[in-house]
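A.B. asks: Can you keep this structure in mind? I'll have questions shortly.
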Amino acid sequence: MGFVVPSRFCGPPESGNGGWVSGHVAALLEAGPDESVTVRLRTPPPLDRELQVVPGQSDGRRTLEVVDGDHPVAQATAGAALKQAGIPAPVSFAEATTAGEGYEGLADHPFPTCFSCGTRREPGDGLRLQPGRLAGGDGAYAAAWVPAPDVTLETVWAALDCPGGWASGIAGRPMVLGTMTAQVASLPTVGEDHVVLAWPRGGEGRKYHSGTALYAADGRLLAQAEATWIAIDPSAFRDSSAVRPAGGSA
7 MGFVVPSRFC GPPESGNGGW VSGHVAALLE AGPDESVTVR LRTPPPLDRE
57 LQVVPGQSDG RRTLEVVDGD HPVAQATAGA ALKQAGIPAP VSFAEATTAG
107 EGYEGLADHP FPTCFSCGTR REPGDGLRLQ PGRLAGGDGA YAAAWVPAPD
157 VTLETVWAAL DCPGGWASGI AGRPMVLGTM TAQVASLPTV GEDHVVLAWP
207 RGGEGRKYHS GTALYAADGR LLAQAEATWI AIDPSAFRDS SAVRPAGGSA
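So that you can map any letter, position 112 of the sequence shown is 118 in our numbering, and since no number is skipped, the others follow by simple counting.
Have a look at this one:
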């Protein structure tokens, strides 16, 4: 069983978007709507290279490991449903759109070619999410999203991914996704208004935790996630925006 991350789905310019990659692993695990999947990214997922997939079992749960030769890339485990307690109530599409006007990535983005929230992606090529802080002072962020016709499970994981990083303080402090646990009850409806909410869940050292939720226009919770982010040395990706153009090859 092969596993390829096309360059379109980059996060940093030379590696895969953590949410999309994690969603692709979850799709291979074939988790049901009442089941979560936890994905731990071990190394930056390479682009346009076939990786190997190793299925398994651990304590009675399905597992999957993605490897690049001898190097582990991602490890996934199917699990129980996530609890909905503590998830903020939905906000309107209009409120999310207003919040997005204050998107910090418009002024300074560590990875402007990111599939999920990059500012240099063309419409229809990337999600172009603009998570911004909601009024109220509780630290929650919101992003307005109208899914395109090619929406998939991987797309939903990508949508749940980056807003959590911005809510955790990625502006001025580059971070990459370390671990993500998500549950997708239903795919969003193409062409309709949706909102992604994100909120910080504390942190320690270089690790920061976030929660995200995807809501339909009628307030239905379609998907939710919890993630751990790892702060990195900014010099590791200095001038990275010039390495790979949006949606293209190097």
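Backbone N, C-alpha and C define an ideal beta-carbon position, used for all residues, glycine too.
(1) Three-state secondary structure (DSSP) at Cys-168?
(2) Is it the case that the Cβ atoms of Ser-122 and Leu-140 are separated by a distance below 8 Å?
(3) Check whether the Cβ of Val-72 lies closer than 7 Å to any heavy atom of the ligand MG, and answer yes or no.
(4) Hey, how far is the Cα of Arg-48 from the Cα of Ala-237?
(5) Drop a sphere of 10 angstroms on the beta-carbon of Gly-38, count the other beta-carbons inside from all chains shown, and report buried for 16 or more, exposed for fewer.
(6) Please list, in chain order, all residues of the same chain as Pro-118 whose beta carbon is under 7 Å from its beta carbon, the five residues on each side excluded.
(7) What first and last residue would you give for the alpha helix (DSSP H) that runs through His-30?
(8) Along the alpha helix (DSSP H) that carries Gly-130, what are the first and last residues, could you check?
(9) Buried or exposed: where does Pro-137 fall if 16 or more other Cβ atoms within 10 Å of its Cβ makes it buried?
(10) Where Gly-29 and Gln-58 are concerned, what is the direct C-alpha to C-alpha distance, given to the nearest angstrom?
(11) Below 6 Å CB to CB, which residues in the same chain sit around Asp-245 once its five sequence neighbours on both sides are set aside?
(12) With H, G and I counted as helix, E and B as strand and the rest as coil, what does DSSP make of Leu-112?
(13) For Val-157, which residues in the same chain have their Cβ closer than 7 Å to its Cβ, ignoring the five residues on either side in sequence?
(14) Would the segment 214 to 223 and the segment 55 to 74 be scored as touching if the rule is three or more Cβ pairs under 8 Å?
(15) Look up Gly-334 in the DSSP assignment and say whether it is helix, strand or coil.
(16) Quick one: complete beta strand (DSSP E) runs, 3+ long, within the segment 45 to 71?
(17) With burial defined as no fewer than 16 other Cβ atoms inside 10 Å of the residue's Cβ, what is the status of Gln-230: buried or exposed?
C.D. replies: With the structure as the only source:
(1) In the displayed model, Cys-168 falls within a helix according to three-state DSSP.
(2) No, the Cβ-Cβ distance between Ser-122 and Leu-140 is not below 8 Å.
(3) This structure lacks the ligand MG, and indeed carries no ligand of any kind.
(4) Their Cα atoms are separated by approximately 15 Å.
(5) With fewer than 16 Cβ atoms within 10 Å of its Cβ, Gly-38 is classed as exposed.
(6) Within the same chain, Pro-118 has close Cβ partners Gly-124, Thr-125, Arg-126 and Ser-247.
(7) Taken as a continuous stretch (DSSP letters only), the alpha helix (DSSP H) holding His-30 covers 24 to 35.
(8) No alpha helix (DSSP H) holds Gly-130; DSSP gives it neither H nor E.
(9) Buried.
(10) C-alpha separation (whole angstroms): 16 Å.
(11) For Asp-245, the predicted structure reports a pLDDT of 40, less than 50, and the residue's modelled location is therefore unreliable. The matter cannot be settled from this model.
(12) Helix at Leu-112.
(13) The residues are Leu-193, Pro-194 and Val-196.
(14) In this structure the segment 214 to 223 does not lie against the segment 55 to 74, because fewer than three pairs of beta carbons, one per stretch, are closer than 8 Å.
(15) This structure cannot settle anything about residue 334, because the visible part of the chain is limited to 7 through 256.
(16) Taking only runs of at least 3 residues, the beta strand (DSSP E) segments lying wholly in the segment 45 to 71 are 57 to 64.
(17) Around the beta carbon of Gln-230, 16 or more other beta carbons sit within 10 angstroms, so the residue counts as buried.
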